[in-house]
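Novice:
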Amino acid sequence: MLKIEGLSKSYNKGEIKAVDNISLEVKKGEIFGFLGPNGAGKTTTIKMIVGLLKPDEGEVVLDGINVWDEPMKAKERISYVPDNPEIYDRLSGVEYLNFIGDMYGIRTEVRIKKIDYYSEIFKINDSLGDIISSYSHGMKQKLVLTAALMTDPDLFILDEPMVGLDPKSSFNLKEIMREMCDEGKSVFFSTHVMEVAEKLCDRIAIINNGKIIAMGSMEELRRSAKEKESLENIFLELTDNE
Ligand SMILES: Nc1ncnc2c1ncn2[C@@H]1O[C@H](COP(=O)(O)OP(=O)(O)OP(=O)(O)O)[C@@H](O)[C@H]1O
Ligand SMILES: [Mg+2]
């Protein structure tokens, strides 16, 4: 589904190497967790995958489509939920959803069905007529999630999705992620919470200082953590965060 090869990115004219030669593959039907402490390079990697930040080196390929060579073709199939839901404040919720629906060319019947379904799950259906500037942080996040899910993506990419959601919404989102993968779609999300990754993910990559230091199922990672001191330290650091 998604293949990343040799991806690197520096900031400040090369002074800060945020992402350093990362390669990984997300398979069809898989929930893939991107786990790492603050500043590890998670957001930078995600922005390069979704076409927001040009890589210094490396490739991002979605089912044979190079995201940076054929951006429109790739983006049609990806939904991205950023860590901060900064959206058009002056639209109402439903105007925003229709704007996204127009961009993705979603038929009206499908649009209504999906909006009803997801806004009901996230309990924002009664607020869709209100202006977005009146929404709480969590409501904005749920609106962005509804919009992202409305497009029925093959690859769903989320940056720290559980932050800012209450336990019930967080639970619902996890259920939706699992359902999507059962339908053969793929989910890639970042987190610094080990417990979330452990419970939800089929496979995990651990990133630290811009480098992937381990990859596999949580069980595999735990086993190798006993042998590898760096991995053990990361685990401790991530456990402290919880
Ligand atoms: N615009 C920028 N200019 C300079 N340095 C940046 C910029 N964005 C990120 N960095 C640096 O790049 C590194 C990786 O940042 P990134 O935001 O990718 O980490 P992250 O894993 O998403 O962290 P967090 O868990 O805090 O969200 C950090 O050292 C950060 O300070
Ligand atoms: Mg981040």
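Heads up: the sequence shown begins at 5 in the numbering used here, then just goes up one per residue.
Where a beta carbon is used, it is the ideal one built from N, C-alpha and C, also for glycine.
What runs of the alpha helix (DSSP H), each 4 residues or longer, lie entirely inside the segment 151 to 233?
Specialist: The qualifying runs are 171 to 186, 198 to 204, 222 to 229.
Novice: Using beta-carbon positions only, say whether Asp93 and Ile35 come within less than 7 angstroms of one another.
Specialist: Cβ atoms of Asp93 and Ile35: not closer than 7 angstroms.
Novice: If we count Cβ pairs, one from each stretch, closer than 8 angstroms, do we get three or more for the segment 56 to 63 versus the segment 12 to 25?
Specialist: With a cut-off of 8 angstroms, the segment 12 to 25 and the segment 56 to 63 count as touching, because enough Cβ pairs lie within range.
Novice: Which one of Ser83, Pro165, Val30, Leu177 has the shortest CA to CA distance from Met107?
Specialist: It is Ser83 whose Cα lies nearest to the Cα of Met107.
Novice: What did DSSP end up calling Glu63 once you bin it into helix, strand or coil?
Specialist: It is a strand residue.
Novice: To test your reading of the DSSP string, which unbroken beta strand (DSSP E) runs of 3 or more residues are found completely within the segment 95 to 139?
Specialist: Runs found: none.
Novice: Of all the options Glu29, Ser96, Ile104, which has the alpha carbon lying nearest to the alpha carbon of Ala152?
Specialist: Checked all of Glu29, Ser96, Ile104; the closest Cα to Ala152 is Ile104.
Novice: Three or more beta-carbon pairs under 8 angstroms between the segment 188 to 207 and the segment 61 to 77, yes or no?
Specialist: No contact exists between the segment 188 to 207 and the segment 61 to 77.
Novice: Using the beta-carbon of each residue, find all residues closer than 7 angstroms to any heavy atom of ligand 2 and list them in chain order.
Specialist: Those satisfying the condition are, in chain order, Lys46, Thr47, Asp87, Asp163, Glu164, Ser194.
Novice: Per DSSP, which one or two residues make a beta bridge with Phe38?
Specialist: Answer is Ser194, Ala209, bridged to Phe38.
Novice: Please report the distance separating the alpha-carbon of Ile110 from that of Ile208.
Specialist: Using only the alpha carbons, I get a separation of about 32 angstroms.
Novice: Contact defined as beta carbons within less than 8 angstroms: I believe Cys185 pairs with Gly33. What is the distance between those atoms, to the nearest angstrom?
Specialist: Indeed, because the Cβ distance is near 5 angstroms, the residues count as touching under 8 angstroms.
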